[in-house]
Every structure is written in structure tokens, then in C-alpha cells.
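K.L.:
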Amino acid sequence: RTYPFFPATAAIAREDIAWQGETIRAGCRVILDIYGTNRDARYWDDPDTFSPARFLGAEKDPYAFIPQGAGDHPVTHRCPGEWLTLRIMECFTRILQEELRWRLVDPEVDLNYSALPALPKDALKISV
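Basically my numbering = 1-based index in the sequence shown + 938.
(1) Would you mind working out which of 1060, 986, 1066 and 1019 sits nearest residue 1042, comparing C-alpha positions?
(2) So, for residue 1040: in the same chain, excluding its five sequence neighbours on each side, which residues have a beta-carbon less than 8 Å away from its beta-carbon?
(3) Using the Cα positions of residue 1053 and residue 974, report the straight-line distance between them to the nearest angstrom.
(4) Do the CB positions of residue 944 and residue 1018 come within less than 8 Å of each other?
(5) Considering only DSSP beta bridges, list what residue 967 is partnered with.
(6) If you compare alpha carbons, which of 947, 1058, 972 and 1036 is closest to residue 1002?
(7) Around the Cβ of residue 1050, are there at least 16 other Cβ atoms within 10 angstroms (buried) or fewer (exposed)?
(8) Taking all protein chains shown into account, do 16 or more other C-beta atoms lie within 10 angstroms of the C-beta of residue 969, making it buried, or fewer, making it exposed?
(9) Work out the CA separation of residue 978 and residue 1048 for me, nearest whole Å.
(10) Would you give the residue range spanned by the beta strand (DSSP E) that residue 961 belongs to?
(11) What separation, rounded to the nearest whole angstrom, lies between the Cα atoms of residue 942 and residue 1024?
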């Protein structure tokens, strides 16, 4: 959540729509700030802190967090590989927790947000 693969995404409006009192005309480019949405203090207590426990038993606004798309699966766009990605993450997290002994060499990661995807300016170094 704290470092999305893409900090933002863009699209072209297919039709005129009204949104929060503004009109977005067909053909206009719109940008979704994923980095900002995933840190919005209106939805996240202490938004810059990595705290996986915040998701335990919590019902969040489906548009307040954009890991693989937003909203309800049957109605809005979601990544078709979302379920596979979640399963891979579960398996990898278990391996990191239970099978490997590791630590970050430098826990202060400096990301380059001018690139897509946002990557560390230097390699992410771990010690195993």
C-alpha cells in the first residue's frame, strides 16, 4: 500500500460526466493518483506507516485503497490477475516469515517517483 507499483494512472474520458460538481468532458485526460489515494488521511490513520494489521477485520471504502483496481469486481475495473497475485503474495509472505532469515541492509528506501513503475533509486539490499 505504501509504495504502489505505479504512483498514478491515466485514461481518456469516453463520455461527459459530472463528478463532485465538475464536468469532465469526453476526450479529456484524467489522472488517478494511486500514491495519494493509498495515503489519504481521510481514510487512513497514520497513512505513512506500514501497518498490515490495519486491514484485519476492517471494512474499508472500496475506493480508498487501490491495490489492483478499485470498486466492486462485477461492476468496475479490477486486474484480471488479482486473485493469482494475492495467492502468490500469500505464499511469498509465508516464505519470508517462516523459511528465510533476512533483514534490510538499509531500511530507508528512496523511491524514484518520476519513473513508472516507481523503483528504488538504488537496489533494495537485503541480507539473508
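Quick reminder that beta carbons are idealized off the backbone N, C-alpha and C, glycines included.
P.N.:
Short version:
(1) As a working mapping, residue 1042 is identified with position 104 in the sequence shown. Checked all of 1060, 986, 1066 and 1019; the closest Cα to residue 1042 is 1066.
(2) Within the sequence shown, numbered from 1, the residue matching residue 1040 stands at position 102. 1034, 1064, 1065 and 1066, listed in sequence order.
(3) The count along the sequence shown starts at 1 and reaches residue 1053 at position 115. The count along the sequence shown starts at 1 and reaches residue 974 at position 36. Those two C-alpha atoms are separated by around 16 Å.
(4) Reading the sequence shown from its first residue, position 6 is the one you call residue 944. Reading the sequence shown from its first residue, position 80 is the one you call residue 1018. Pairing residue 944 with residue 1018 gives a Cβ-Cβ distance that is not under 8 Å.
(5) Here residue 967 refers to the residue found at position 29 of the sequence shown. Bridge partners of residue 967: 950.
(6) Working through the sequence shown from its first residue, we reach residue 1002 at position 64. Here the closest residue by C-alpha is 972.
(7) Counting from one through the sequence shown, the residue named residue 1050 turns up at place 112. That one is exposed.
(8) Position 31 of the sequence shown, counted from the first residue, corresponds to residue 969. Residue 969 should be labelled exposed.
(9) Reading the sequence shown from its first residue, position 110 is the one you call residue 1048. Reading the sequence shown from its first residue, position 40 is the one you call residue 978. So the two alpha carbons sit approximately 20 Å from each other.
(10) Residue numbering aside, residue 961 sits at position 23 when the sequence shown is read from its first letter. Here the beta strand (DSSP E) through residue 961 covers 960-962.
(11) In the sequence shown, the residue the question calls residue 942 occupies position 4. In the sequence shown, the residue the question calls residue 1024 occupies position 86. Approximately 15 Å between the Cα atoms of the pair.
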